[in-house]
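Beneath this line is the structure, given in structure tokens, with notes to follow.
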Amino acid sequence: EAFGWGRTFTSDDISEVRIEIPGMEDATYSVEWYDTWTGEIFGTYKISSKNGKMFLTVPEMDVSRPDVAWKISSF
Numbered sequence: 005e006a007f008g009w010g011r012t013f014t015s016d017d018i019s020e021v022r023i024e025i026p027g028m029e030d031a032t033y034s035v036e037w038y039d040t041w042t043g044e045i046f047g048t049y050k051i052s053s054k055n056g057k058m059f060l061t062v063p064e065m066d067v068s069r070p071d072v073a074w075k076i077s078s079f
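Dropping the structure here:
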């Protein structure tokens with residue numbers, strides 16, 4: 005498992021931002037997205053890592069937020 009936090013300093017909304025995660029074993033993972041202001045999960049999806057890299061795209065949030073947290077779990 006892995007987790008992360010990201011923040012944008014150029015916008016009030018981090019939705020649709022692409023994040024590169026290096027050092028991942030090539031496999032399929034589950035990603036849960038957390039609203040850092042409420043602690044609620046607002047999105048979950050499956051994603052594969054290739055060539056040791058994973059590229060995440062922040063799902064659109066109901067309320068604009070400058071930051072987001074995520075948790076990556078293997079199956």
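Sequential numbering of the sequence shown, starting at 5, is according to this note's numbering. No residue lacks a Cβ here, since even glycine has one placed at the ideal position from N, Cα and C.
Just checking my contact of residue i with residue j at CB under 8 Å: how many whole Å lie between their CB atoms?
{"i": "residue 65", "j": "residue 19", "result": "5 Å"}
{"i": "residue 31", "j": "residue 53", "result": "6 Å"}
Quick check on residue i: does DSSP put it in helix, strand or coil?
{"i": "residue 70", "result": "coil"}
{"i": "residue 26", "result": "strand"}
{"i": "residue 61", "result": "strand"}
From the options, pick the residue whose C-alpha is nearest to that of residue i; which is it?
{"i": "residue 25", "options": "13, 7 and 11", "result": "7"}
{"i": "residue 9", "options": "15, 79 and 39", "result": "39"}
{"i": "residue 62", "options": "13, 15, 51 and 37", "result": "37"}
{"i": "residue 47", "options": "16, 14 and 75", "result": "75"}
Find out if the Cβ-Cβ distance for the pair residue i, residue j is shorter than 8 Å.
{"i": "residue 22", "j": "residue 71", "result": "no"}
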